[in-house]
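Colleague: Here it is, the structure, as structure tokens.
Residue numbers (my numbering): 453 to 571.
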């Protein structure tokens, strides 16, 4: 029975994804937005939805630390994976100015998360 549910779930997933892509493409064409922009937006929302659901569930369940950890961990993973794959394909040139600029915001973000967790 579990295999039947698995197969049915996969079929519904593929059908739903196909319908979402076709619908988004039609909306993009009708409104005059680039299908690439709509596609990237749909992908971004689709990949973020599970983290959002887990975070909301954790918050409602009285575990805000889990929600925060989920968001921070997901963002760290996404950034490092994207930068890592990009750097493998083509080395990245990073200016000293950008490093100085980002150092401050990274420190602020880290401090905010630590203060929130009481660490």
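Just so it is clear, CB atoms sit at the ideal spot from N, CA and C, and this is done for glycine as well.
Taking C-beta to C-beta, are residue 544 and residue 535 nearer than 9 Å?
Modeller: By 1-based counting over the chain shown, the position of residue 544 is 92. By 1-based counting over the chain shown, the position of residue 535 is 83. A contact, by the Cβ cut-off of 9 Å.
Colleague: Does the distance from the CB of residue 480 to the CB of residue 487 come in under 9 Å?
Modeller: To locate residue 480, count along the chain shown from 1; it is residue 28. To locate residue 487, count along the chain shown from 1; it is residue 35. The answer is yes: Cβ separation under 9 Å.
Colleague: Are the CB atoms of residue 507 and residue 530 within a distance shorter than 9 Å?
Modeller: Position 78 of the chain shown, counting from 1, holds the residue named residue 530. Position 55 of the chain shown, counting from 1, holds the residue named residue 507. In this structure, residue 507 does not lie closer than 9 Å to residue 530 by Cβ.
Colleague: Are the CB atoms of residue 554 and residue 526 within a distance shorter than 9 Å?
Modeller: In the chain shown, residue 526 corresponds to position 74, counting from 1. In the chain shown, residue 554 corresponds to position 102, counting from 1. No, the pair does not count as a contact, with Cβ atoms beyond the cut-off.
Colleague: When the Cα of residue 469 is compared with those of 533, 499, 483, which residue comes out closest?
Modeller: Here residue 469 is taken as the residue at index 17 of the chain shown, counted from 1. Nearest C-alpha to residue 469: 499.
Colleague: Quick check on residue 519: buried or exposed, where buried means 16 or more other Cβ atoms within 10 Å of its Cβ?
Modeller: For the purposes of this step, residue 519 is identified with residue 67 of the chain shown, where counting begins at 1. Answer is buried; the Cβ neighbour count reaches 16.
Colleague: What does the alpha-carbon distance come out to for the pair residue 511 and residue 517?
Modeller: Here the question's residue 511 lines up with position 59 in the chain shown. Here the question's residue 517 lines up with position 65 in the chain shown. About 8 Å.
Colleague: What span of residues does the alpha helix (DSSP H) with residue 511 cover, start to end?
Modeller: On the chain shown, residue 511 is found 59 positions in, with the first residue counted as 1. Taken as a continuous stretch (DSSP letters only), the alpha helix (DSSP H) holding residue 511 covers 487-512.
Colleague: With the cut-off set at 9 Å, would you say residue 484 and residue 473 are in Cβ contact?
Modeller: Mapped onto the chain shown, residue 484 falls at position 32. Mapped onto the chain shown, residue 473 falls at position 21. No, Cβ-Cβ distance for residue 484 and residue 473 is not below 9 Å.
Colleague: How many angstroms separate the CA atom of residue 493 from the CA atom of residue 454?
Modeller: Position 41 of the chain shown, counted from the start, is the residue given in the question as residue 493. Position 2 of the chain shown, counted from the start, is the residue given in the question as residue 454. About 33 Å.
Colleague: Using the Cα positions of residue 533 and residue 550, report the straight-line distance between them to the nearest angstrom.
Modeller: Along the chain shown, read from residue 1 onward, the residue named residue 533 stands at position 81. Along the chain shown, read from residue 1 onward, the residue named residue 550 stands at position 98. If I take the Cα positions, the gap works out to 20 Å.
Colleague: Could you have a look at residue 545 and say whether DSSP puts it in helix, strand or coil?
Modeller: The residue labelled residue 545 in the question sits at position 93 within the chain shown. In the structure shown, residue 545 sits in coil (DSSP, three-state: anything other than H, G, I, E or B).
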